[in-house]
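> In my numbering, the protein residues as written are 2 to 458. Note that the Cβ used here is the ideal one computed from N, Cα and C, for glycine as well.
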Ligand SMILES: Nc1ncnc2c1ncn2[C@@H]1O[C@H](COP(=O)(O)OP(=O)(O)OP(=O)(O)O)[C@@H](O)[C@H]1O
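(1) Which whole-angstrom value is the C-beta distance of residue 327 and residue 164, which I expect to be below 8 Å?
(2) Given the structure, does residue 175 come close to ligand 1, in the sense that its CB is under 7 Å from one of the ligand's heavy atoms?
(3) Apply the 10 Å Cβ neighbour rule to residue 133 and answer buried if 16 or more other Cβ atoms are within range, or exposed otherwise.
(4) Consider the C-beta atom of residue 386 and the heavy atoms of ligand 1; say whether any pair is separated by less than 7 Å.
(5) Would the beta-carbon of residue 1 be found less than 7 Å away from any heavy atom of ligand 1?
(6) Which full runs of the alpha helix (DSSP H) of 4+ residues lie inside the region 366-415, going along the chain?
(7) Just tell me which of 90, 199 and 148 has its CA closest to the CA of residue 66.
(8) Output yes or no for whether 8 Å exceeds the beta carbon distance between residue 413 and residue 389.
(9) Could you check if residue 444 belongs to the surroundings of ligand 1, using beta carbon to heavy atom distance under 7 Å?
(10) Flag this pair as yes or no: are the beta carbons of residue 37 and residue 199 separated by less than 8 Å?
(11) Within a Cβ cutoff of 7 Å, which residues of the same chain sit near residue 421, ignoring the five residues on either side of it in sequence?
(12) Less than 7 Å separating the Cβ of residue 170 from some heavy atom of ligand 1?
(13) When the Cα of residue 46 is compared with those of 40, 54 and 449, which residue comes out closest?
(14) What whole-angstrom Cβ distance do residue 103 and residue 123 have, given they're in contact under 8 Å?
(15) Check the C-beta distance from residue 266 over to residue 296 and give it rounded, since I have them as a contact under 8 Å.
(16) For a test of your reading of the model: does the CB of residue 247 fall under 7 Å from any non-hydrogen atom of ligand 1? Yes or no.
(17) What do you get for residue 1, buried or exposed, if any count of 16 or more other CB atoms within 10 angstroms of its CB means buried?
(18) Are at least three pairs of beta-carbons, each pair with one atom in the region 288-295 and one in the region 341-360, less than 8 Å apart?
(19) At a cut-off of 7 Å, is residue 200 close to ligand 1 when judged by its beta-carbon and the heavy atoms of the ligand?
(20) Are there 16 or more other CB atoms within 10 angstroms of the CB of residue 197, so buried, or fewer, so exposed?
(21) Does DSSP put residue 201 in a helix, in a strand, or in coil?
(22) What is the DSSP secondary structure of residue 353, reduced to helix, strand or coil?
(23) Quick one: Cα of residue 155 to Cα of residue 144, how far?
(24) Quick one: what's got a C-beta closer than 8 Å to residue 201's C-beta in the same chain, skipping five residues either side?
(25) If you draw a straight line from the alpha carbon of residue 243 to that of residue 392, how long is it in whole angstroms?
(26) May I ask whether a heavy atom of ligand 1 can be found less than 7 Å away from the beta carbon of residue 413?
(27) Residue 152 and residue 190 - do their beta-carbons sit closer together than 8 Å?
(28) For residue 370, which of 236, 217 and 157 has the nearest alpha-carbon?
(29) If I measure Cβ to Cβ from residue 214 and keep anything under 7 Å in the same chain, skipping five residues before and after, which residues do I get?
(30) Where does residue 212 fall in DSSP's three states?
(31) Pick helix, strand or coil for residue 264, following the three-state DSSP scheme.
(32) Cβ atoms of residue 44 and residue 31: under 8 Å apart, would you say?
(33) If you draw a straight line from the alpha carbon of residue 171 to that of residue 258, how long is it in whole angstroms?
(34) Indicate, with yes or no, if ligand 1 has a heavy atom lying under 7 Å from the CB of residue 254.
(35) Compute the minimum distance between the beta carbon of residue 242 and the heavy atoms of ligand 1, and state whether it is under 7 Å.
(36) Taking the DSSP output, what are the residues bridged to residue 119?
Structure (structure tokens):
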């Protein structure tokens, strides 16, 4: 009893809660001494940089995939990886990890697997001051001293790489827009568009060509570096409204797992603001300017290279109520400014009127690939029929094919006809296809009437 009283008087009740962690520490100190272990402390706070340590975050991410196997107490947290639940060790808990180095300490190829142990500590203020630790949260990595070089030169590098991969796989992608923020900066929402190249209605050959181009781009960091070029690529998407330009952008973003920056030029006050927004974009992203012909004053500015768009241009722009961003400002961004922002970016322009665009804006090198998204072909129709009706063949397909050769209809309009109007109705596919055939036949009739009217005039 008197012993307990003296404990209370000394104010070390808090220590009792820490007992398991303290015993652990003592045990590992003994173990280190006995087996000549080494240890590395990785603390959360990076005192020199006044920031959270990147190594600590990397270890936390790495261990989140493996701590559940061994530790008895874990902490769950929602992180910036969004809906993914992350598990980390609780105070005093440890986990063992094994690692097979590429080469062992002697540089021999057949390296042996090594074993290391991670322990997580989270000291409160009492614990901190008594033990003289500055860190509040930290990991201790313990390993046999004979594996020193493998751990320092290979294992820690492996952890940094692996954590980057985990973050990449778990990260949610964002859609950024510059139209909603009061401070004239980007605001973001989670990007969850279901479109993929598998569901995009388009000629399969053309689709494959675009996918190959994107894949080659995403793997060409070294190639661009070797050429001394910025790692960027421009795409111009053109076609009538409803041909799938926006859908194509979503497919690209999902295919490459990039963020999307939807840049609304008409909401930007001047070139300086454009510059600031561009500088604030991240890599692995697609910067989109939709309806470029409506966003910026292009008519009468058919200057080609050596563009020196000037005050006249700005005046015209201001008068027209379009964006005050000038063509020269935009070209500057495409060539010079963008280059200064690092790489792995796509820029995509869309337009319904290719003929209205200034050649300086869309020349190869700025817009590397021009992609036409046209009216619905039979191949594109087959993709839509599969998406909407889950049919790959049907007796009405021949009729649809014949009609599509005569009628210009966008994939959006075809999709509208293929959308079942009543859920669970019998023979849904036939009803929808009949409706489409009917719509196409009417379009032909309307076209004939229009022709007759023109002839009569
Ligand atoms: N090629 C396509 N493949 C699959 N779905 C498509 C395609 N084209 C259009 N659609 C459907 O039509 C809708 C409208 O298409 P989308 O907005 O992509 O066209 P757009 O060419 O960007 O039109 P706008 O020029 O008016 O912006 C999409 O939500 C999609 O469901």
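In short, the structure shows the following:
(1) About 44 Å separates the two Cβ atoms, so there is no contact after all.
(2) no
(3) Interpretation of residue 133 is limited by its pLDDT of 48, a score under 50 that renders its predicted location unreliable; the figure taken from the coordinates is listed afterwards. Residue 133 comes out exposed.
(4) False, no ligand heavy atom lies under 7 Å from that Cβ.
(5) The first residue shown for the chain is 2 and the last is 458, placing residue 1 beyond what the model contains.
(6) 379-390 and 398-405
(7) Sorting 90, 199 and 148 by C-alpha distance to the C-alpha of residue 66 places 90 at the top.
(8) no
(9) Residue 444 has its CB no nearer than 7 Å to any heavy atom of ligand 1.
(10) no
(11) Scanning its chain for C-beta atoms nearer than 7 Å, with the 5 sequence neighbours on each side dropped, one finds around residue 421 the residues 429 and 433, in chain order.
(12) no
(13) 54
(14) Their Cβ separation, rounded to whole angstroms, is 34 Å, which puts residue 103 and residue 123 out of contact at 8 Å.
(15) 4 Å
(16) yes
(17) In the structure as shown, the chain begins at 2 and stops at 458. Residue 1 is therefore absent and cannot be evaluated.
(18) yes
(19) yes
(20) Residue 197 is exposed by the Cβ-count criterion.
(21) coil
(22) coil
(23) 14 Å
(24) 208, 245, 248, 249, 252 and 384
(25) 23 Å
(26) yes
(27) At least 8 Å separates the beta-carbon of residue 190 from that of residue 152.
(28) 236
(29) 370
(30) In the three-state reduction of the DSSP assignment, residue 212 falls in the helix class.
(31) Three-state result, residue 264: coil.
(32) It is not a contact, given that the beta carbons lie outside the stated cut-off.
(33) 11 Å
(34) no
(35) yes
(36) 96 and 142
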